[in-house]
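Each remark here refers to the structure printed beneath this line.
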Amino acid sequence: MDVVTAFLNPNLNEEIYMELPTGVGDENNKYCRLRKSIYGLKHESRAWYGMQDDTLRSFGLNRLKNEPCIYFLRKNETFLAVGVYVDDLLILSNNESSKNELKMAL
């Protein structure tokens with residue numbers, strides 16, 4: 224599963240200002256404060272990873288201690304595993320409804 228515009232989704236946890244491009248704004252308004260991440264911002268991957276990690280953990284998945292890109296959930300007869308590579312996820316499950324619920328949460 225590819226998370227479209229993944230890096231643009233998270234809110235920023237710190238104040239970041241950027242200079243507006245030429246032709247945008249006026250002499251009194253040359254800068255703006257970012258509320259969301261933008262492409263090229265060095266903080267974007269960390270913000271995305273934090274949001275993704277929070278979402279997967281809130282769904283009940285646990286991260287493997289020796290492999291932080293693998294999450295799993297074993298509950299009753301349901302098994303769910305997620306492999307993460309940047310903004311691509313490989314989701315494996317023996318329960319289609321659990322898999323679909325996770326996709327909707329992401």
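Residue numbers (this note's numbering): 224 to 329. Glycine included, each C-beta is placed from N, C-alpha and C at the ideal position.
Are there 16 or more other CB atoms within 10 angstroms of the CB of residue i, so buried, or fewer, so exposed?
| i | result |
| --- | --- |
| Leu315 | exposed |
| Ala328 | exposed |
| Leu325 | buried |
| Tyr254 | exposed |
| Ser335 | In the structure as shown, the chain starts at 224 and stops at 329, and residue 335 therefore has no counterpart that could be examined. |
| Leu312 | buried |
Quick test of your reading: residue i and residue j, contact by CB under 8 angstroms. State the CB separation rounded to the nearest angstrom.
| i | j | result |
| --- | --- | --- |
| Val307 | Gln275 | 7 angstroms |
| Ala270 | Asn236 | 7 angstroms |
Look at residue i and residue j and say whether their C-beta atoms are less than 7 angstroms apart.
| i | j | result |
| --- | --- | --- |
| Arg258 | Tyr240 | no |
### Task
Indicate whether the contact test is met: 3 or more Cβ pairs, each with one atom in the region 298-309 and one in the region 271-290, closer than 8 angstroms.
At 8 angstroms Cβ cutoff, the stretches touch.
### Every unbroken beta strand (DSSP E) inside the region 265-304 [3 residues or more]
293-298
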